[in-house]
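Enquirer: Here it is, the structure, as structure tokens.
Number of protein chains: 2
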Amino acid sequence: MSEGGRPVEMIKAVLSEEHIPKAWYNIQADLPVPLAPALHPGTKQPVGPHDLAPLFPTEIILQEVSTERYVDIPREVRDIYRLWRPTPLHRARRLELALGTPAHIYYKYEGVSPAGSHKPNTAIAQAFYNKQAGVRRLTTETGAGQWGSALALACRFFDLQCTVYMVRVSYEQKPYRRVMMETWGAEVLPSPSPRTAAGRAVLERDPHSLGSLGIAISEAAEDAATHDDTKYSLGSVLNHVLMHQTVIGLEAKTQMEMFGEYPDVVVGCCGGGSNLAGLSFPFLADRFKGKRLRVVAVEPTACPSLTRGKYLYDFGDEAETSPLLKMHTLGHRFIPAGIHAGGLRYHGDAPLVCLLHAHGYIEAAAYPQVPVFAAAVEFARAEGILPAPESAHAIKKVLDEALEAKEAGDARVILFNLSGHGHFDLAAYQDYLSGKLRDYAYPEKEVEKATAELAPLQP
Amino acid sequence: MSEGGRPVEMIKAVLSEEHIPKAWYNIQADLPVPLAPALHPGTKQPVGPHDLAPLFPTEIILQEVSTERYVDIPREVRDIYRLWRPTPLHRARRLELALGTPAHIYYKYEGVSPAGSHKPNTAIAQAFYNKQAGVRRLTTETGAGQWGSALALACRFFDLQCTVYMVRVSYEQKPYRRVMMETWGAEVLPSPSPRTAAGRAVLERDPHSLGSLGIAISEAAEDAATHDDTKYSLGSVLNHVLMHQTVIGLEAKTQMEMFGEYPDVVVGCCGGGSNLAGLSFPFLADRFKGKRLRVVAVEPTACPSLTRGKYLYDFGDEAETSPLLKMHTLGHRFIPAGIHAGGLRYHGDAPLVCLLHAHGYIEAAAYPQVPVFAAAVEFARAEGILPAPESAHAIKKVLDEALEAKEAGDARVILFNLSGHGHFDLAAYQDYLSGKLRDYAYPEKEVEKATAELAPLQP
Chain A
1 MSEGGRPVEM
11 IKAVLSEEHI
21 PKAWYNIQAD
31 LPVPLAPALH
41 PGTKQPVGPH
51 DLAPLFPTEI
61 ILQEVSTERY
71 VDIPREVRDI
81 YRLWRPTPLH
91 RARRLELALG
101 TPAHIYYKYE
111 GVSPAGSHKP
121 NTAIAQAFYN
131 KQAGVRRLTT
141 ETGAGQWGSA
151 LALACRFFDL
161 QCTVYMVRVS
171 YEQKPYRRVM
181 METWGAEVLP
191 SPSPRTAAGR
201 AVLERDPHSL
211 GSLGIAISEA
221 AEDAATHDDT
231 KYSLGSVLNH
241 VLMHQTVIGL
251 EAKTQMEMFG
261 EYPDVVVGCC
271 GGGSNLAGLS
281 FPFLADRFKG
291 KRLRVVAVEP
301 TACPSLTRGK
311 YLYDFGDEAE
321 TSPLLKMHTL
331 GHRFIPAGIH
341 AGGLRYHGDA
351 PLVCLLHAHG
361 YIEAAAYPQV
371 PVFAAAVEFA
381 RAEGILPAPE
391 SAHAIKKVLD
401 EALEAKEAGD
411 ARVILFNLSG
421 HGHFDLAAYQ
431 DYLSGKLRDY
441 AYPEKEVEKA
451 TAELAPLQP
Chain B
460 MSEGGRPVEM
470 IKAVLSEEHI
480 PKAWYNIQAD
490 LPVPLAPALH
500 PGTKQPVGPH
510 DLAPLFPTEI
520 ILQEVSTERY
530 VDIPREVRDI
540 YRLWRPTPLH
550 RARRLELALG
560 TPAHIYYKYE
570 GVSPAGSHKP
580 NTAIAQAFYN
590 KQAGVRRLTT
600 ETGAGQWGSA
610 LALACRFFDL
620 QCTVYMVRVS
630 YEQKPYRRVM
640 METWGAEVLP
650 SPSPRTAAGR
660 AVLERDPHSL
670 GSLGIAISEA
680 AEDAATHDDT
690 KYSLGSVLNH
700 VLMHQTVIGL
710 EAKTQMEMFG
720 EYPDVVVGCC
730 GGGSNLAGLS
740 FPFLADRFKG
750 KRLRVVAVEP
760 TACPSLTRGK
770 YLYDFGDEAE
780 TSPLLKMHTL
790 GHRFIPAGIH
800 AGGLRYHGDA
810 PLVCLLHAHG
820 YIEAAAYPQV
830 PVFAAAVEFA
840 RAEGILPAPE
850 SAHAIKKVLD
860 EALEAKEAGD
870 ARVILFNLSG
880 HGHFDLAAYQ
890 DYLSGKLRDY
900 AYPEKEVEKA
910 TAELAPLQP
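Right under this line is the structure:
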């Protein structure tokens with residue numbers, strides 16, 4: 001392309017509907033070492049399908065352990081994906097110029113989904129398989145509401161009822177994502193609620209409990225396990241969730257080809273690991289075949305599971321209702337500081353991400369939130385889009401990489417996942433801009449205590 | 460396209476960067492009757508360039524009166540447009556199925572811009588021409604902040620300072636769009652402010668004034684007129700603003716061709732008229748040449764300027780600082796009820812839209828806000844996207860057209876402008892969902908009083 005003699009670089013690779021991937025990439029087919037199985041906390045034996053059946057439909061359970069390299073995306077799921085997919089991949093040319101870096105910076109933008117993040121990629125798939133299995137209602141938990149809103153949207157599309165247990169303090173203080181869920185027809189309950197035995201037990205001890213994600217998980221799982229027509233849905237951590245997110249990376253590979261480039265480094269923020277995995281796993285498939293490539297997971301200093309956690313078996317939830325998962329963990333009783341990136345306040349990480357980190361395929365970095373917000377504002381001023389605080393962690397790392405490239409005079413190609421927009425996080429931006437945002441030191445002692453409790457859980 | 464034997468209809472037409480229009484369409488070249496000029500309120504003579512020079516740069520003033528059919532879009536403006544343009548055009552297949560209508564419903568989605576609406580289409584152009592003219596700072600007014608945030612974004616891209624006078628009650632009660640503007644580097648002042656003589660006069664009379672758009676306009680215009688390096692920017696109503704928005708309709712024409720369809724009816728909400736004009740004017744160009752086409756402007760019952768106003772000369776602003784414009788008006792002293800669609804609370808309409816309405820080229824309809832929100836929720840549940848309350852007015856009309864088509868068994872093609880998303884309007888959705896939203900009757904007596912005052916203004 002050129003215009004008036006001046007060469008015009010493409011800055012945005014858009015694809016039409018027919019380029020939506022027809023299959024997800026399942027990294028379990030290519031792992032360099034086998035994945036440690038999830039264990040039953042009582043027997044310490046690998047959990048079987050019958051253990052998971054009260055919570056998940058058969059197809060999801062099969063996907064969780066599948067080693068098929070590609071799993072077909074059902075036509076009904078692609079039919080919904082195309083409401084916003086393929087998502088655009090941008091070259092951040094204005095950011096490069098602002099930084100004066102020779103690096104080429106690209107981002108895949110998942111904030112264009114109706115829920116504003118990558119979360120619907122798996123929510124839609126899960127809702128479909130549940131509908132197919134005759135399930136009538138899905139339950140889940142949510143903190144600030146990003147995952148809950150994705151599942152509410154998905155349930156609406158497949159005419160499923162949706163019950164979201166929302167941590168009470170968020171339910172009361174951050175009503176907007178709740179309203180979004182209700183607009184899509186979900187029932188949203190403040191957790192702890194009188195609806196479940198788990199909730200009633202907490203309310204008996206403390207009628208004014210603000211709730212926690214751990215309590216909300218217990219309520220959602222109990223609700224599903226005690227109703228025949230109801231199953232439970234999880235938004236990250238598990239293998240099938242990460243696989244559903246690979247549509248991001250599969251599209252990105254096609255789009256990077258349109259730019260005639262291949263990333264030297266792929267960056268994603270990491271809470272449970274689903275957005276990082278979604279973008280990076282299809283590229284890691286090339287690395288397994290010998291391609292040079294770095295993948296970097298970025299987490300908050302306040303909750304640094306990959307950079308500081310122990311690689312051990314632990315519960316996936318604070319309330320000890322899940323199977324044991326082998327992962328980098330800060331201990332399931334560890335409660336991270338109240339940073340604004342609520343989606344990164346998870347004590348562990350997806351077992352697949354942890355395995356690849358443990359074997360050197362995924363690097364990790366951690367940042368405090370003040371420099372993360374500074375990076376978010378720098379990005380917003382250059383590229384326009386206001387990033388979610390979670391995604392801003394990836395941006396901080398990208399800026400560091402780009403400045404390193406500038407010093408080294410190296411034109412490295414950086415690709416990151418802009419996993420969501422920050423339209424519901426402006427209170428956090430306000431705190432940052434007014435100088436009220438604070439950082440939290442790495443909570444060394446709390447982590448030591450929480451991880452010390454894990455010894456008896458090991459097989 | 461087909462998949463597994465089943466024909467797959469395209470539901471989303473996406474274009475790549477090179478399809479961003481290279482020129483805006485200027486409807487002034489094709490008007491069936493001449494446009495009544497803006498008048499000086501003292502002399503009642505047409506205003507000349509020298510009257511406008513304190514507020515606008517020369518290029519904008521020339522565009523305001525140009526009768527060239529196409530005006531080139533500067534390369535620097537297209538360079539910014541491509542951050543989010545071309546915007547997608549969707550077929551609302553799921554909505555059609557939900558309604559059981561034979562109508563084909565299409566929408567152009569402008570909510571993908573970083574500011575979340577169509578407003579940056581003109582903000583970027585205005586910032587560019589001001590930068591080119593050596594201007595260092597732009598001022599404007601904003602209510603809830605949609606226009607202010609678009610101009611803040613545009614000024615950031617062209618390294619201009621930006622001062623936004625924000626109606627005080629919104630500044631205090633709706634801080635999020637203010638934070639968005641500040642993130643992009645704008646200075647946002649609650650209006651009335653002590654910064655201007657106009658603001659000080661109001662504060663002297665009432666130190667606790669909540670402000671109004673009229674006061675904010677006076678402050679922004681005074682600030683620009685009294686500083687050599689500063690100009691003023693307006694987000695709707697004027698001819699050049701409507702012309703900048705025609706990128707919407709020009710793209711939509713190409714996209715409708717991709718679907719192999721041409722609209723029978725084009726629908727847009729109408730406050731000042733810029734999003735309606737942006738989508739419909741390039742189609743009206745065909746109608747001037749004999750093509751069959753209906754265009755419908757949709758407004759709130761609480762502020763029904765096209766459906767109930769008088770076609771007279773009136774001030775563009777409550778504070779009587781603007782030239783006189785010939786338009787359908789409820790009187791510049793009319794204060795509409797506090798409906799949630801703040802962008803539609805304007806006493807008049809763009810002179811170009813009014814002229815075309817007066818001569819039968821544009822129909823108008825008005826709806827109360829409760830059925831408008833019902834339509835918004837129906838749309839969100841079918842298509843996923845949460846519409847802005849303004850855009851929801853267009854949706855209500857589209858639903859009525861689609862149901863009429865169902866009764867008549869006619870497969871009419873409907874195209875509407877989904878001019879923005881509702882991420883900053885969830886309090887309004889909450890009011891609707893909880894049954895607290897109320898409707899307002901047409902304020903007949905107030906309008907009679909406000910329009911009676913217009914007689915002495917006529918030439």
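Line order of the protein sequences matches chains A and B. Just so we're aligned: 11 in my numbering is position 11 of the first sequence, and the numbers increase by one with no gaps anywhere. Just so we're aligned: 600 in my numbering is position 141 of the second sequence, and the numbers increase by one with no gaps anywhere. Backbone N, C-alpha and C fix where the C-beta goes; we use that ideal spot for every residue, glycine too.
#1: Could you say which of A:F157, A:L151, A:A144 and A:V188 lies nearest to A:Q173 if we only look at CA atoms?
#2: Between A:E299, A:V188 and A:R200, which lies nearest to A:V353 when the distance is taken from Cα to Cα?
#3: Which whole runs of the beta strand (DSSP E) in the region 637-671 of chain B are 3 residues long or more, in chain order?
#4: Apply the 10 Å Cβ neighbour rule to B:L771 and answer buried if 16 or more other Cβ atoms are within range, or exposed otherwise.
#5: Among the residues of its own chain, which have a CB less than 7 Å from the CB of B:E462, if the five just before and after it don't count?
#6: Who are the Cβ neighbours of B:A796 in its own chain at under 6 Å, not counting the five residues just before and after it?
#7: Which residues mark the beginning and the end of the alpha helix (DSSP H) in which B:E866 is found?
#8: By Cβ distance, which residues of its chain are closer than 6 Å to A:W84, with the 5 residues on each side in sequence left out?
#9: For A:H359, count neighbouring C-beta atoms within 10 Å of its own C-beta (all shown protein chains included) and say buried if the count is 16 or more, exposed if not.
#10: Write down the C-beta distance between B:R753 and B:D723 rounded to the nearest angstrom, noting that I regard them as a contact closer than 8 Å.
#11: To the nearest angstrom, how far is the alpha carbon of A:A252 from that of B:P830?
#12: Assuming contact is defined by CB atoms lying nearer than 8 Å, are A:Q245 and A:G278 in contact in what I supplied?
#13: In chain order, which alpha helix (DSSP H) runs of at least 4 residues are fully inside the region 591-630 of chain B?
#14: Counting only C-beta atoms, is B:I844 closer than 8 Å to chain A at any point?
#15: Taking 7 Å as the limit between beta carbons, can you name the residues of its chain near A:Y442, skipping five residues before and five after?
#16: DSSP three-state label for B:E907, please.
#17: Counting only the same chain and skipping the five closest in sequence on each side, list residues whose C-beta sits under 6 Å from that of A:L234.
#18: Distance, Cα to Cα, A:K445 vs A:L330?
#19: Which residue spans inside the region 84-120 of chain A form an unbroken beta strand (DSSP E) run of at least 3?
#20: Where are the beta strand (DSSP E) runs, 3 residues long or more, that stay fully inside the region 801-831 of chain B, in chain order?
#21: So with CB distances below 7 Å, who are the chain B contacts of A:E261?
#22: According to DSSP, is B:N876 helix, strand or coil?
#23: If I measure Cβ to Cβ from A:A392 and keep anything under 7 Å in the same chain, skipping five residues before and after, which residues do I get?
#24: Mind checking whether B:T642 and A:L433 have CB atoms under 8 Å apart?
#25: Quick check on the burial criterion: 16 or more other C-beta atoms within 10 angstroms. Buried or exposed for A:V33?
#26: For A:A36, I'd like the list of residues in its chain whose CB is within less than 6 Å of its CB, leaving aside the five on either flank, ordered along the chain.
#27: With a threshold of 8 Å between beta-carbons, can A:H423 be considered close to chain B, or not?
#28: For chain A, is any of its Cβ atoms less than 8 Å away from the one on B:L612?
#29: Note down, in chain order, every chain A residue with its Cβ under 7 Å from the Cβ of B:Q889.
#30: Taking the alpha helix (DSSP H) that B:A711 falls in, what are its first and last residues?
#31: Quick check on the burial criterion: 16 or more other C-beta atoms within 10 angstroms. Buried or exposed for B:K908?
#32: Residues in the same chain with beta-carbon distance under 6 Å from B:H791, minus the five sequence neighbours each way, listed in chain order, please.
#33: Find out if the Cβ-Cβ distance for the pair B:P516, B:A611 is shorter than 8 Å.
#34: Taking Cβ to Cβ, would you say B:R627 is nearer than 8 Å to B:S650?
#35: Please classify B:F515: does DSSP put it in a helix, a strand, or coil?
#36: DSSP three-state call for B:M702: helix, strand or coil?
Expert: Concretely, from the data shown:
#1: In the first sequence, counting from the first residue as 1, residue 173 of chain A sits at position 173. Nearest C-alpha to A:Q173: A:A144.
#2: On the first sequence, residue 353 of chain A is found 353 positions in, with the first residue counted as 1. Selected option, being the one with the closest Cα: A:E299.
#3: 646-650
#4: Working through the second sequence from its first residue, we reach residue 771 of chain B at position 312. So B:L771 counts as buried.
#5: Along the second sequence, one-based indexing puts residue 462 of chain B at 3. Because the pLDDT at B:E462 is just 44, under 50, the model does not fix this residue reliably, and the value given afterwards should be weighed accordingly. Taken in chain order, the list of residues that qualify is empty.
#6: The count along the second sequence starts at 1 and reaches residue 796 of chain B at position 337. Taken in chain order, the residues that qualify are A761 and Y899.
#7: Mapped onto the second sequence, residue 866 of chain B falls at position 407. Where B:E866 is concerned, the enclosing alpha helix (DSSP H) stretches over P848 to A867.
#8: Stepping through the first sequence from its first residue, residue 84 of chain A is reached at position 84. Excluding positions up to five away in sequence, the list reads V112 and S113.
#9: In the first sequence, the residue the question calls residue 359 of chain A occupies position 359. By the 10 Å Cβ count, A:H359 comes out exposed.
#10: Locating residue 753 of chain B in the second sequence gives position 294, where the first residue counts as 1. Locating residue 723 of chain B in the second sequence gives position 264, where the first residue counts as 1. The Cβ separation is near 7 Å, so the contact holds.
#11: Along the first sequence, one-based indexing puts residue 252 of chain A at 252. Along the second sequence, one-based indexing puts residue 830 of chain B at 371. C-alpha separation (whole angstroms): 41 Å.
#12: To locate residue 245 of chain A, count along the first sequence from 1; it is residue 245. To locate residue 278 of chain A, count along the first sequence from 1; it is residue 278. In contact: A:Q245 and A:G278 (Cβ atoms closer than 8 Å).
#13: 605-616
#14: What you label residue 844 of chain B is simply residue 385 of the second sequence in a count that begins at 1. Answer yes: the Cβ-Cβ gap between B:I844 and chain A drops below 8 Å somewhere.
#15: Along the first sequence, read from residue 1 onward, the residue named residue 442 of chain A stands at position 442. Cβ within range, chain order: T301, P304 and R308.
#16: Start at 1 with the first residue of the second sequence, and residue 907 of chain B comes out as number 448. In the structure shown, B:E907 sits in a helix (DSSP, three-state: H, G or I).
#17: Taking the first residue of the first sequence as position 1, residue 234 of chain A is located at position 234. Excluding positions up to five away in sequence, the list is empty.
#18: Translated into positions along the first sequence, residue 445 of chain A becomes position 445. Translated into positions along the first sequence, residue 330 of chain A becomes position 330. Looking at the two C-alpha atoms, the distance is approximately 11 Å.
#19: 89-91 and 104-109
#20: 822-826
#21: Locating residue 261 of chain A in the first sequence gives position 261, counting from the first residue. Result: empty, since nearest Cβ-Cβ is about 17 Å, beyond 7 Å.
#22: Looking up residue 876 of chain B in the second sequence gives position 417. B:N876 falls in the strand class under three-state DSSP.
#23: For the purposes of this step, residue 392 of chain A is taken as residue 392 along the first sequence, with counting starting at 1. Contacts found: V372, F373, A375 and A376.
#24: Taking the first residue of the second sequence as 1, we reach residue 642 of chain B at position 183. Taking the first residue of the first sequence as 1, we reach residue 433 of chain A at position 433. Yes, the pair counts as a contact, with Cβ atoms nearer than the cut-off.
#25: Start at 1 with the first residue of the first sequence, and residue 33 of chain A comes out as number 33. Result: exposed.
#26: Here residue 36 of chain A refers to the residue found at position 36 when the first sequence is read from its first residue. Cβ neighbours of A:A36 beyond the five flanking positions: K326.
#27: Along the first sequence, read from residue 1 onward, the residue named residue 423 of chain A stands at position 423. Chain B contact via Cβ: present.
#28: What you label residue 612 of chain B is simply residue 153 of the second sequence in a count that begins at 1. At least one chain A Cβ lies under 8 Å of B:L612.
#29: Here residue 889 of chain B corresponds to residue number 430 of the second sequence, with the count starting at 1. Simply P175 and V179.
#30: Translated into positions along the second sequence, residue 711 of chain B becomes position 252. It spans V706 to F718 - the alpha helix (DSSP H) in which B:A711 sits, taken as one unbroken run.
#31: Taking the first residue of the second sequence as position 1, residue 908 of chain B is located at position 449. Exposed, since its Cβ has fewer than 16 Cβ neighbours within 10 Å.
#32: As a working mapping, residue 791 of chain B is identified with position 332 in the second sequence. Taken in chain order, the residues that qualify are D773, F774, E777 and H806.
#33: Position 57 of the second sequence, counted from the first residue, corresponds to residue 516 of chain B. Position 152 of the second sequence, counted from the first residue, corresponds to residue 611 of chain B. For B:P516 and B:A611, no; Cβs fall outside 8 Å.
#34: By one-based count along the second sequence, residue 627 of chain B stands at place 168. By one-based count along the second sequence, residue 650 of chain B stands at place 191. In contact: B:R627 and B:S650 (Cβ atoms closer than 8 Å).
#35: Within the second sequence, the letter at position 56 stands for residue 515 of chain B. Correct three-state label for B:F515: coil.
#36: Locating residue 702 of chain B in the second sequence gives position 243, counting from the first residue. In this structure, B:M702 counts as helix in the three-state DSSP scheme.
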